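Enquirer: The sequence shown runs contiguously to residue 287 in the working numbering.
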Amino acid sequence: MADVLDGAGPGAKPTTLFTTVTLVVLGLLALAVVFPFIWMLFTSLKPESEIATFPPQLLPHRWTFENYENVWTRIPFARLFLNSILFAGGVTIVSLLLDSMAAYALARLQFRGRNVIFVLILVALMLPFQVMFVPLFVTVHDLHMLDSYSGLIVPRATNAFGIFMLRQFFVTLPKELDEAARIDGCGEFGIYWRIILPLSGPAIATLAVFHFMYNWNDFLWPLLITSSMEMRTLPAGLALFVGSHVVEYGVVMAGAVLALLPLLVAFVFAQRTFIQGIAMSGIKG
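(1) What residue does the alpha helix (DSSP H) around Q170 start on, and which one ends it?
(2) Beta-carbon within less than 6 angstroms of N69's beta-carbon, same chain only, minus the 5 sequence neighbours each way: which residues are those?
(3) Quick one: what does DSSP say V289 is sitting in, helix, strand or coil?
(4) Would D220 pass as a contact of N161 if the rule is Cβ separation under 8 angstroms?
(5) Indicate the three-state DSSP secondary structure (helix, strand or coil) for V93 in the structure shown.
(6) Take A105 as the anchor and find which of L28, I119 and G92 has the nearest alpha-carbon.
(7) In whole angstroms, what is the alpha-carbon distance linking F83 and F171?
(8) DSSP three-state label for V136, please.
(9) Are the Cβ atoms of L168 and A210 separated by less than 8 angstroms?
(10) Using DSSP's beta-bridge definition, name the partner residues of V244.
(11) Going by DSSP, what residue range makes up the alpha helix (DSSP H) through L145?
(12) At 3 residues or longer, what runs of the beta strand (DSSP E) sit wholly inside the stretch 40-123?
(13) Determine the direct distance from the alpha carbon of F212 to that of G153, and round the result to whole angstroms.
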């Protein structure tokens, strides 16, 4: 029995074969996912004359950083980068606060109309954001917030998906914690801030990554709300290199590589809690 458990018995070969096949399949899938990013990186290091050659080649014949220089000199890249950080980071921080407060009310408080509000949030979750562009634009225009950080951030201050996700996580926490806190004299905000939020680290980190990634990559909303280059974000700024007849692939790829770095850093720091939050959120209805 010990030999079988150690992998030296009759059951070792099938187990080893299955493990090997599984690793090979997972390795191929991982390569398929990573390959576009590898191609993007090497393309950004090619001169424009090599990018359009046929058949295409992965590695450049002549390595160059000219595309990265063009990104920094032809557009105000540092300003666009800062705008993207302020936009995505601001939306993430405000959204996490408001989403978690709404989710706490729906998950832990008993009040009339709670289920109706939750259903309306689910309905809002099913509506694509594009269908609300016109009324949102008119509202932002009437409030004189066009081409400003407030116009970018305030309409994204809360999110139906964030409320739904955190609500699903909060209902999994034992309600005995709330009762014990109330006996000790803790109010509702104290329970939310001192008990629920500290226990919801994985879900909060997961939602933070989702919010930051979605808003960092958003192209249409910043393009619609902003009109000056000083307020544009990275996706809207990089679109200037894509014309009707000419696409500067090398410069676009270089900008995309630089734009990808903050997302990689955010995921690396939140990887453990991100995976844990994915596994734990939405288990209960």
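All residues carry an ideal CB built from backbone N, CA and C; glycine is no exception.
Given the structure is predicted, the values throughout are model-derived calculations rather than measurements.
Expert: For this structure:
(1) Residue mapping note: residue 170 aligns to position 168 of the sequence shown, counting from 1. Element bounds for Q170: A162 to F172.
(2) The residue labelled residue 69 in the question sits at position 67 within the sequence shown. So the list reads S46, G252, V253 and A256, once near-sequence residues are dropped.
(3) Coverage of the chain is limited to positions 3 through 287, which leaves residue 289 absent and any answer about it impossible.
(4) For this step, residue 220 is matched to residue 218 along the sequence shown. For this step, residue 161 is matched to residue 159 along the sequence shown. Contact flag unset, no.
(5) Here residue 93 corresponds to residue number 91 of the sequence shown, with the count starting at 1. Reduced to three states, the DSSP call for V93 is helix.
(6) As a position in the sequence shown, residue 105 is number 103, starting the count at 1. Nearest option by C-alpha distance: I119.
(7) In the sequence shown, the residue the question calls residue 83 occupies position 81. In the sequence shown, the residue the question calls residue 171 occupies position 169. Computed Cα separation, rounded: 33 angstroms.
(8) In the sequence shown, residue 136 corresponds to position 134, counting from 1. Residue state, collapsed to three classes: helix.
(9) Taking the sequence shown and counting its residues from 1, one reaches residue 168 at position 166. Taking the sequence shown and counting its residues from 1, one reaches residue 210 at position 208. No.
(10) For the purposes of this step, residue 244 is taken as the residue at position 242 of the sequence shown. According to DSSP, V244 bridges with V249.
(11) For the purposes of this step, residue 145 is taken as residue 143 along the sequence shown, with counting starting at 1. Segment: none, L145 is in no alpha helix (DSSP H) and carries neither H nor E.
(12) none
(13) As a first step, residue 153 must be located in the sequence shown, where it is residue number 151. As a first step, residue 212 must be located in the sequence shown, where it is residue number 210. Looking at the two C-alpha atoms, the distance is approximately 21 angstroms.
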